[in-house]
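**Q**
Residue numbers (the numbering used here), protein chains in the order written: chain P, 928 to 1157; chain C, 928 to 1157.
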């Protein structure tokens, strides 16, 4: 699959069909994740693949509990709408992957990590995004499960205290990939236009300042039309 | 460009040729970034594109200072080797992009963010990885500059206190893309084999446990051969 197609058609998938993920495909996806860049080539990540039904069930239970706790923050119609999002619908995923970050990997002197130690976590997220896109290209759906108590999950998987659980991912083969994000389809929230998140030269400056040597089409809100995706 | 090719051929680029990035290309790359997934469709990111020579020079100066500070942690030959990495070689990049995260976007109730508030930063990193891959596919080189004092950069760009600078990116058109990562080519560090970062079922378990209903090729170290990339 072409890169931009994978980017635009990637979805947070929460409904999985009964088919297993072929092992070669799973390894191909994991290898793509492992080929993310990392600060100082630190490669701080580990991928723990969970297929044992008992572990999966224990973690699905944690997600269901956290989802019900979160629902308490909503009231009346909002609560019904929240529960209808079915955020907990991950119990059919045949493969779970816990993505962790070891902040001590590479020792104390990791090139480029002096001023922003958190770049190890950021590198791990880049690996997850590679994994997500690679899954999409292989027809595998993925859901990043964020409604989770990371310490409880770490306990189930025997992950040491000093290791950070960055992402808990569920993968499987979906019936189909939605055209639009789940929350958009459910009428919960929409994607903003690119121009709303784009500044030029300094914070809050929404139009590019034109200088004589720039191209004829200025980087303005209007200039964005036709460039952005469906 | 095909997704896996973009993933395997993405590099941290530090040498840029004199050509400008066409505006359409820049916007295409930014739109790809904006199409990352985000917790609760929060889209917490902003992209501030910096092309003004004065701002660029001020930030290049910060990087050079931090690089010299970092060099003090190395001694003798190590120090010479460190300095030979030319981490500060970003002054030729025609485009800088500051990628920030607004942790308050979407208000207090962001779906899925109850237990792991840091997922907003993680979503922003996913956007950066999209940007990096999209740049690669368009023949644009990118460098994630991590040797930076984020507060000083925020001051130069007028970024408010409550906004987090996640990544400072330099982009341009490179002479070529290296086959291997910069630090690997310089003999500083190598990419680990995938098997070193892969566990099955629980932390530290390097071989998959086979059950009668799994496929014939077990998920073992040996099973990995031939699947992984060049």
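All C-beta atoms, glycine included, are put in the ideal place defined by N, C-alpha and C. As the structure is a computational prediction, the values presented were derived from the model and not from experiment.
If you drop the 5 nearest sequence neighbours on each side, which residues of the same chain put their C-beta closer than 8 Å to that of residue 978 of chain P?
**A** Excluding positions up to five away in sequence, the list reads 1021, 1022, 1023.
**Q** Could you check whether the Cβ of residue 1095 of chain P sits closer than 7 Å to any Cβ belonging to chain C?
**A** Cβ-Cβ to chain C under 7 Å: no for residue 1095 of chain P.
**Q** Are the C-beta of residue 934 of chain C and some C-beta of chain P separated by less than 7 Å?
**A** Judged by the 7 Å Cβ criterion, residue 934 of chain C is in contact with chain P.
**Q** Using three-state DSSP, classify residue 1019 of chain C as helix, strand or coil.
**A** Residue 1019 of chain C falls in the coil class under three-state DSSP.
**Q** Span of the alpha helix (DSSP H) holding residue 1001 of chain P?
**A** Run containing residue 1001 of chain P: none; DSSP gives neither H nor E here.
**Q** May I have the straight-line CA-CA distance separating residue 1098 of chain C from residue 1011 of chain P, to the nearest angstrom?
**A** In a straight line, the C-alpha of residue 1098 of chain C is about 43 Å away from that of residue 1011 of chain P.
**Q** I'd like the ranges of any beta strand (DSSP E) spanning at least 3 consecutive residues and lying wholly in the stretch 940-982 of chain P.
**A** Entirely contained in the stretch 940-982 of chain P, the beta strand (DSSP E) runs reaching 3 residues are, in chain order, 972-977.
**Q** State the Cα-Cα distance for the pair residue 1062 of chain C and residue 1075 of chain P, rounded to the nearest angstrom.
**A** Distance between the alpha carbons of residue 1062 of chain C and residue 1075 of chain P is about 33 Å.
**Q** Please name the residue or residues paired with residue 1034 of chain P in a DSSP beta bridge.
**A** None; residue 1034 of chain P has no bridge partner.
**Q** Would you identify the three-state DSSP class for residue 1130 of chain C, choosing helix, strand or coil?
**A** The answer is coil: DSSP assigns residue 1130 of chain C none of H, G, I, E or B.
**Q** In chain C, which residues lie with their C-beta within 7 Å of the C-beta of residue 1036 of chain P?
**A** Per Cβ cutoff of 7 Å: 1000.
**Q** Take the Cβ of residue 1101 of chain C as the centre, count every other Cβ of all protein chains shown within 10 Å, and call the residue buried at 16 or more, exposed below.
**A** With 16 or more Cβ atoms within 10 Å of its Cβ, residue 1101 of chain C is classed as buried.
**Q** Taking 7 Å as the CB-CB limit, is residue 971 of chain P close to chain C?
**A** Output row for residue 971 of chain P: interface = no.
**Q** Among the candidates P:1131, P:1009, P:960, P:983, whose CA atom is the shortest distance from the CA of residue 1037 of chain C?
**A** Taking only the C-alpha atoms, the option nearest residue 1037 of chain C is P:1009.
**Q** Who are the neighbours of residue 1031 of chain P on chain C, taking C-beta pairs under 7 Å?
**A** Result: empty, since nearest Cβ-Cβ is about 14 Å, beyond 7 Å.
**Q** Please say whether residue 1051 of chain C and residue 972 of chain C have beta carbons closer to each other than 7 Å?
**A** Yes.
**Q** On a Cα-Cα basis, can you pick out the residue from P:1004, P:1080, P:952, P:994 that is closest to residue 1130 of chain C?
**A** For the residues P:1004, P:1080, P:952, P:994, the minimum Cα distance to residue 1130 of chain C belongs to P:1080.
**Q** Whose CA, out of P:940, P:1086, P:936, lies closest to the CA of residue 1070 of chain P?
**A** The candidate whose alpha carbon is nearest that of residue 1070 of chain P is P:940.
**Q** Take every Cβ of the stretch 1106-1120 of chain P, pair it with every Cβ of the stretch 1044-1060 of chain P, and state whether three or more of those distances are shorter than 8 Å.
**A** No: the two stretches stay apart, fewer than three of their Cβ pairs being nearer than 8 Å.
**Q** Is the Cβ-Cβ distance between residue 948 of chain P and residue 1067 of chain P less than 7 Å?
**A** Yes.
**Q** Anything in the stretch 1074-1086 of chain C with a Cβ closer than 7 Å to a Cβ of chain P? List those residues in chain order, please.
**A** The residues in question are 1074, 1075, 1076, 1077, 1084, 1085, 1086.
**Q** Anything in chain P within Cβ reach of residue 964 of chain C, meaning under 9 Å, just list it in chain order.
**A** Ordered by position in chain P, the residues that pass the 9 Å Cβ test against residue 964 of chain C are 937, 938, 939, 1056, 1059, 1071, 1108.
**Q** Does any CB atom of chain C fall closer than 7 Å to the CB of residue 1116 of chain P?
**A** Yes, residue 1116 of chain P lies at the interface with chain C (some Cβ there is under 7 Å from its Cβ).
**Q** For residue 1028 of chain P, which residues in chain C fall below 8 Å Cβ to Cβ?
**A** Near residue 1028 of chain P there are no residues of chain C at all, since even the closest Cβ is about 11 Å away, more than 8 Å.
**Q** Please list the terminal residues of the continuous alpha helix (DSSP H) segment that includes residue 1110 of chain C.
**A** 1109-1112 is the extent of the alpha helix (DSSP H) around residue 1110 of chain C.
**Q** Could you compute how far the alpha carbon of residue 1108 of chain P sits from the alpha carbon of residue 937 of chain P?
**A** Approximately 9 Å, taken between the alpha carbons.
**Q** Among the residues of its own chain, which have a CB less than 8 Å from the CB of residue 1104 of chain P, if the five just before and after it don't count?
**A** If we look at residue 1104 of chain P and ignore the five residues flanking it on each side, its Cβ neighbours are 936, 938, 940, 1063, 1068.
**Q** Name the DSSP bridge partner or partners of residue 1092 of chain C?
**A** DSSP output for residue 1092 of chain C lists C:1027 as bridge partner(s).
**Q** Would you kindly work out how many angstroms separate the C-alpha atoms of residue 1126 of chain C and residue 955 of chain C, rounded to a whole number?
**A** So the alpha carbons of these two residues sit roughly 37 Å apart.
**Q** So, is the C-beta of residue 1126 of chain C closer than 7 Å to a C-beta in chain P?
**A** By this cut-off, residue 1126 of chain C is an interface position.
**Q** Sort P:1087, P:1128, P:1083, P:1113 by Cα distance to residue 981 of chain P and report the nearest one.
**A** Selected option, being the one with the closest Cα: P:1083.
**Q** For residue 931 of chain C and residue 1096 of chain C, what's the separation of their Cα atoms in angstroms?
**A** Cα to Cα, residue 931 of chain C sits roughly 22 Å from residue 1096 of chain C.
**Q** Quick check on this structure: which residue in P:1077, P:1043, P:988, P:1114 has the alpha carbon closest to the alpha carbon of residue 1017 of chain P?
**A** Closest option to residue 1017 of chain P, Cα to Cα, is P:988.
**Q** With 16 other CB atoms within 10 Å as the buried threshold, where does residue 983 of chain P fall?
**A** Under this definition residue 983 of chain P is a buried residue.
**Q** Starting from residue 1080 of chain P and walking both ways along the alpha helix (DSSP H), at which residues does that stretch end?
**A** Per DSSP, residue 1080 of chain P belongs to the alpha helix (DSSP H) from 1077-1084.
**Q** Once you ignore the five residues that flank residue 1094 of chain P on each side, which residues in its own chain have a CB closer than 6 Å to its CB?
**A** Contacts found: 1026, 1055, 1071.
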